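Chemist: Numbering-wise (the working numbering), the sequence shown opens with residue 27 and increments by one.
All C-beta atoms in this analysis are idealised placements derived from N, C-alpha and C, irrespective of residue type, glycine included.
If you're wondering where the values come from, they're calculated on a predicted model, not measured in any experiment.
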Amino acid sequence: MQVSLTRPGQATIALPVVAIVGRPNVGKSTLFNRLTGRRIAIVSEIPGTTRDRLVAQVTWGDKAFLLVDTGGLQTAPESDLWAKVRAQVDVAVHEAQVIVFLVDVMDGVTPGDLEVADLLRRTQKPVVLAVNKVDNPRREPGAMEFYQMGLGDPVVLSAYHNSGVEELVGRVIELLPPAEVVSGEGGSLRLAILGRTNVGKSSFLNTTLGEERAIVSEVPGTTRDALDTPVEYKGRSMVLIDTAGIRRRGRIERGIERYSVLRTEQALARCDVAILLVEALEPMMAQDLHIAGSILDAYRGMVVVVNKWDLAESNGVSREEVLDIVHERLRFAPYVPVCFASALEGDGIEEALDTAVGVYQERLKTVPQGQLQRMLLEAAGRHPPSSVGKRSLNIYRVEQVGVNPPAFAFFVNHPELVHFSYQRYLENTLRKTFDFRGSRLQLTFRRRGEKA
27 MQVSLTRPGQ
37 ATIALPVVAI
47 VGRPNVGKST
57 LFNRLTGRRI
67 AIVSEIPGTT
77 RDRLVAQVTW
87 GDKAFLLVDT
97 GGLQTAPESD
107 LWAKVRAQVD
117 VAVHEAQVIV
127 FLVDVMDGVT
137 PGDLEVADLL
147 RRTQKPVVLA
157 VNKVDNPRRE
167 PGAMEFYQMG
177 LGDPVVLSAY
187 HNSGVEELVG
197 RVIELLPPAE
207 VVSGEGGSLR
217 LAILGRTNVG
227 KSSFLNTTLG
237 EERAIVSEVP
247 GTTRDALDTP
257 VEYKGRSMVL
267 IDTAGIRRRG
277 RIERGIERYS
287 VLRTEQALAR
297 CDVAILLVEA
307 LEPMMAQDLH
317 IAGSILDAYR
327 GMVVVVNKWD
337 LAESNGVSRE
347 EVLDIVHERL
357 RFAPYVPVCF
367 ASALEGDGIE
377 EALDTAVGVY
387 QERLKTVPQG
397 QLQRMLLEAA
407 GRHPPSSVGK
417 RSLNIYRVEQ
427 VGVNPPAFAF
437 FVNHPELVHF
447 SYQRYLENTL
457 RKTFDFRGSR
467 LQLTFRRRGE
477 KA
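1) Which one or two residues does DSSP pair with W86 in a beta bridge?
2) I'd like the span of the beta strand (DSSP E) that includes D268, first residue to last.
3) Return the first residue and the last residue of the alpha helix (DSSP H) that F460 is part of.
4) Could you tell me the boundaries of the beta strand (DSSP E) in which E141 lies?
5) Using the DSSP secondary-structure output, state which residues sit across from F436 in a beta bridge.
6) Mind checking who R485 pairs with in its DSSP beta bridge?
7) What does DSSP give as the partner residues of M170 in its beta bridges?
8) Among residues of its own chain, excluding the 5 on either side of P152, which ones have a beta-carbon nearer than 6 Å to its beta-carbon?
9) Just grab the DSSP bridge partners of Y186 for me.
10) Under 7 Å between the Cβ atoms of A90 and V131?
11) L183 to D133, Cα distance in whole Å?
12) Tell me the residue span of the beta strand (DSSP E) that contains G327.
13) Going by DSSP, what residues sit across from G221 in a beta bridge?
14) Is the Cβ-Cβ distance between G327 and V385 less than 7 Å?
15) By the three-class DSSP mapping on this structure, what secondary structure does S320 have?
16) Using the beta-carbon count (16 or more within 10 Å), is G475 buried or exposed?
17) Checking the sheet assignment: what are the DSSP bridge partners for C365?
18) Considering only residues of the same chain and omitting the five flanking positions on each side of T381, which have a CB-CB separation below 6 Å?
19) Smallest Cα separation from L145: which of W86, D314 and V119?
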């Protein structure tokens, strides 16, 4: 499998896939972070921290590929959750054109390593054996032991200290097929899936993709990392971002879960539109409102999706009841659309995605200057700005200065006289006139003569 990536105005490039596999705690996430140049994967001394596949694009010189981090591979999983991790690794290996098999020089060759090596040989795919944690020359002789695995010359490296990494990437690039150029154009909507723990985010993602891309479990907090998956939806290039569930700050445990919340915040910072999943039987709880506020504060588009609707219907709950609750508690953002879905049964997913696409299109809209100026004159005529003492606020003109998010600059004589209530009035007037459904508008007030 090759994943298609699309940029505005460019042909689609199908990049080859490289998967990092190995036993738990051999340093896969550290290597992943090193190669991507960002702290994308959570790194911890606790074995099994990475459970889902993570995907990131790596550019090395004039070569590019998609790098996949995976959960620790155990040939005989001890639990249902570990069995699902194993299934995820199997999918990553199946999709990859090149496999990096990472082992730990400190542990030497273990029975688990030998079983994984046998599994990888049966795939008949190119495998690069990488011996990690060779942090000093005294550990280098230990790498010789891994020749017995029959996977060729091992690459000796220390992902933590960034030694041997360049040789590893060079070996990988030699084995990669060329990137395939595919016709087609279009921009990519980056869509984040947010919500409290166990509201069905991973199920929503898996149903959308038609495969188990993220692990689904009844254990709250199973998804710990932000997962990016490029997809095509009705001819549009889209990137779905699955995230770890967010708890109230006072309940966030130190360590891994705290880092997961950071990853979620980073995912929010780089998305265009966020789908906020809420539970049908517990709609818009305090934490849901906290997440909604974070989305709006980041000026991202938002769609509220009431998930697990099948459970609500079986309990005699009506849509009108839930809509009343959502609109009442989300009264500070009445422009946010609300959809209903059952991710487990696949109902309402298309409506939610179509709504998110509509919100994204509104975020890209540009309003002609003449229409903006007429809107300002009519708004000021209906409700003139108030005076403060002997000083009066005059608004001379308005310009749209950005899209995604929609941004407008108002040029006035005294910016400090603009009261928040009048700012809200102008935003509501902009929205009533030009829509911008699902997005908070970014308004700035500048002195006459300042550059927009």
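Modeler: Walking through what the data contain:
1) According to DSSP, W86 bridges with K89.
2) It spans R262 to D268 - the beta strand (DSSP E) in which D268 sits, taken as one unbroken run.
3) Note, F460: alpha helix (DSSP H), F446 to F460.
4) Judged by DSSP secondary structure, E141 falls outside any beta strand (DSSP E) and instead within the alpha helix (DSSP H) spanning P137 to R148.
5) BP columns for F436 point to V424 and F471.
6) Past the boundaries of the shown model lies residue 485; the chain is included only from 27 to 478, so the question cannot be answered.
7) Partner(s): none; M170 has no beta bridge.
8) Correct list, in chain order: V124 and L201.
9) Partner residues in a beta bridge of Y186, as assigned by DSSP, do not exist.
10) Going by C-beta atoms, A90 is not nearer than 7 Å to V131.
11) For L183 and D133, the distance between alpha carbons rounds to 15 Å.
12) Start and end: G327 to N333.
13) L303, per the DSSP bridge assignment.
14) Yes. Within cutoff.
15) Helix.
16) In the assembly as shown, G475 is an exposed residue. Its beta-carbon has fewer than 16 other beta-carbons within 10 Å.
17) C365 pairs with V331.
18) V329, P363 and C365, listed in sequence order.
19) Measuring from the Cα of L145, the nearest candidate turns out to be V119.
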